[in-house]
Amino acid sequence: METKILKTEKNLPDYVKIYSDMMTLKYPEKIKDCSHFLSKKKLSSLEVIKLNEIIFGRQSTEKNMIKGKHRSYDKETIMSILNHQKEYSLNNSELSRHYKMSRNTIKKWKDLFNF
């Protein structure tokens, strides 16, 4: 699993460039709100999701369930999510609602990383 995570990092899209171009062309009024994210060299998975929420707003629960199936997370993001759970003493259900993901995914991550 470790090698899979490391190999996929090479092929990640340049989200900063993608979102910068999109903001310049379609959403120039939101550049100020997103400047913190766009000034970074690389965005984590959580930052991409937050940036997407700022630009397009929160989606309905039904759409999130469909989109949630196509999300992928790197090790750094997974550890950040699990640390968030520990820091705020959340159970798997509460964490899954907060990040809009399956409880089973969280359980699998905990087992995988011995958390």
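My numbering numbers the first residue of the sequence shown as 1182 and each following residue consecutively. Just so you know, even glycine gets a beta-carbon here, dropped at the ideal spot from N, CA and C.
Buried/exposed call for residue i, threshold 16 Cβ in 10 Å
{"i": "I1212", "result": "exposed"}
{"i": "M1204", "result": "buried"}
{"i": "L1276", "result": "buried"}
First through last residue of the alpha helix (DSSP H) which encompasses residue i
{"i": "I1252", "result": "Contrary to the premise, residue 1252 reads as Arg rather than Ile in this sequence. Note, R1252: premise wrong, no alpha helix (DSSP H); not H, not E."}
{"i": "S1261", "result": "1256 to 1268"}
{"i": "N1295", "result": "It is not in any alpha helix (DSSP H) - N1295 carries neither H nor E in the DSSP assignment."}
{"i": "S1385", "result": "Any property of residue 1385 remains undetermined from this structure, which presents the chain solely from 1182 to 1296."}
Between the CA atoms of residue j and residue i - distance to the nearest angstrom
{"i": "T1258", "j": "S1270", "result": "18 Å"}
{"i": "S1274", "j": "R1284", "result": "6 Å"}
{"i": "I1287", "j": "S1225", "result": "18 Å"}
{"i": "K1289", "j": "G1238", "result": "29 Å"}
{"i": "Y1208", "j": "H1217", "result": "16 Å"}
Contacting residues, own chain, Cβ-Cβ under 7 Å from residue i (five flanking each side not counted)
{"i": "L1193", "result": "none"}
{"i": "E1234", "result": "none"}
Contacts around residue i, its chain only, beta-carbon distance under 8 Å, and the 5 residues preceding and following it disregarded
{"i": "S1201", "result": "L1219"}
{"i": "S1261", "result": "S1225, L1227"}
{"i": "K1231", "result": "F1218"}
query: What alpha helix (DSSP H) runs, 4 residues minimum, are completely inside the region 1196 to 1240?
result: 1196 to 1206, 1212 to 1219, 1226 to 1237
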